[in-house]
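Peer 1: Residue numbers (the working numbering): 51 to 236. Before I ask anything, here is the structure I am working with.
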Amino acid sequence: MRYRDDSEESWRYLAGERDRDEVRLPSYEEITADKKTYAEFSRLYHLEHNPDNARILIQKHGRDLVYVNPPAPPPETELIDAEYELPFTRLPHPMYGEAKIPAWEQIRFSVTIMRGCAAGCSFCCITEHQGRDVVSRSEASVLREIEGLENLPGWTGVVSDIGGALPASIRPSARSSAPTTGRSCS
Ligand code: SF4
51 MRYRDDSEES WRYLAGERDR DEVRLPSYEE ITADKKTYAE FSRLYHLEHN
101 PDNARILIQK HGRDLVYVNP PAPPPETELI DAEYELPFTR LPHPMYGEAK
151 IPAWEQIRFS VTIMRGCAAG CSFCCITEHQ GRDVVSRSEA SVLREIEGLE
201 NLPGWTGVVS DIGGALPASI RPSARSSAPT TGRSCS
């Protein structure tokens with residue numbers, strides 16, 4: 051892709067265009083200098099999180115360009131089951147030593163049953179790192195994880211949380227067949 055840096059290729063000029071393969075975002079310097087430009091950056095960025103129709107994002111950082119490729123399709127249940135079977139220690143990174151970590155205390159005996167969220171709350175990053183399609187683990191995989199908790203130090207027999215993003219959507223239907231943009235709960 052050839053990158054042109056002139057007024058007809060600027061993000062302001064191109065905002066809203068859908069017949070291009072890429073989206074120009076306001077530069078890093080522009081969004082750190084102006085809150086309204088940051089808000090517009092966020093809007094443009096969030097419109098490109100559907101793997102069915104997302105485009106390449108391009109942002110200038112000084113003399114450099116950052117390219118963000120469209121997100122991958124969501125994983126199947128079998129794949130996330132396999133990921134949760136990996137031998138995680140469920141412990142904080144050793145670099146923290148004996149430090150008390152309140153966030154870990156809260157989640158140490160919680161069990162994730164799904165990934166992704168179909169909403170898009172502006173304060174939340176779930177859709178950025180897990181995608182907009184909700185994928186559930188299998189019941190057998192969840193039960194295996196719960197049974198394994200009894201081997202952990204400090205286990206009291208209570209699972210503090212069973213969930214994930216958008217917990218009301220356990221085992222949702224497959225992906226939407228109609229590509230959309232801008233799904234949001236707000
Ligand atoms: S519904 Fe929850 S998980 Fe989904 S985007 Fe909003 S805050 Fe994040």
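No residue lacks a Cβ here, since even glycine has one placed at the ideal position from N, Cα and C. Owing to the predicted nature of the structure, the values given are computational and were not obtained by experimental measurement.
If contacts are defined as beta-carbon pairs under 8 Å, then Arg74 and Trp61 qualify, I think. What distance do you get, rounded to the angstrom?
Peer 2: Sure, about 4 Å apart at Cβ, within 8 Å.
Peer 1: Return the CA-CA distance between Pro125 and Asp131, expressed in angstroms with no decimal places.
Peer 2: So the two alpha carbons sit approximately 10 Å from each other.
Peer 1: Using only the alpha-carbon positions, how far apart do Ser160 and Tyr117 sit?
Peer 2: Going from the Cα of Ser160 to the Cα of Tyr117 covers about 36 Å.
Peer 1: Is Ile176 near the ligand SF4, going by C-beta to nearest heavy atom under 8 Å?
Peer 2: Yes, the Cβ of Ile176 comes within 8 Å of a heavy atom of the ligand SF4.
Peer 1: Check whether the stretch 179–194 and the stretch 130–145 are in contact - that is, three or more C-beta pairs closer than 8 Å.
Peer 2: Output reads yes: the stretch 130–145 touches the stretch 179–194.
Peer 1: What did DSSP end up calling Ser172 once you bin it into helix, strand or coil?
Peer 2: In this structure, Ser172 counts as coil in the three-state DSSP scheme.
Peer 1: Quick one: residues in its chain with C-beta nearer than 8 Å to the C-beta of Ile220, no 5 flanking neighbours on either side, listed in chain order?
Peer 2: No answer about Ile220 holds up, because its pLDDT of 49 lies below 50 and its placement is not dependable.
Peer 1: So which of Glu148, Asn103 and His96 has the shortest CA-CA distance to Asp71?
Peer 2: Answer by Cα proximity: Asn103.
Peer 1: How far does the beta strand (DSSP E) with Ile106 in it extend, from its first residue to its last?
Peer 2: Taken as a continuous stretch (DSSP letters only), the beta strand (DSSP E) holding Ile106 covers Ile106 to His111.
Peer 1: Can we say the stretch 90–101 touches the stretch 167–185, given the rule of at least three CB pairs closer than 8 Å?
Peer 2: With the cut-off at 8 Å, the stretch 90–101 and the stretch 167–185 touch.
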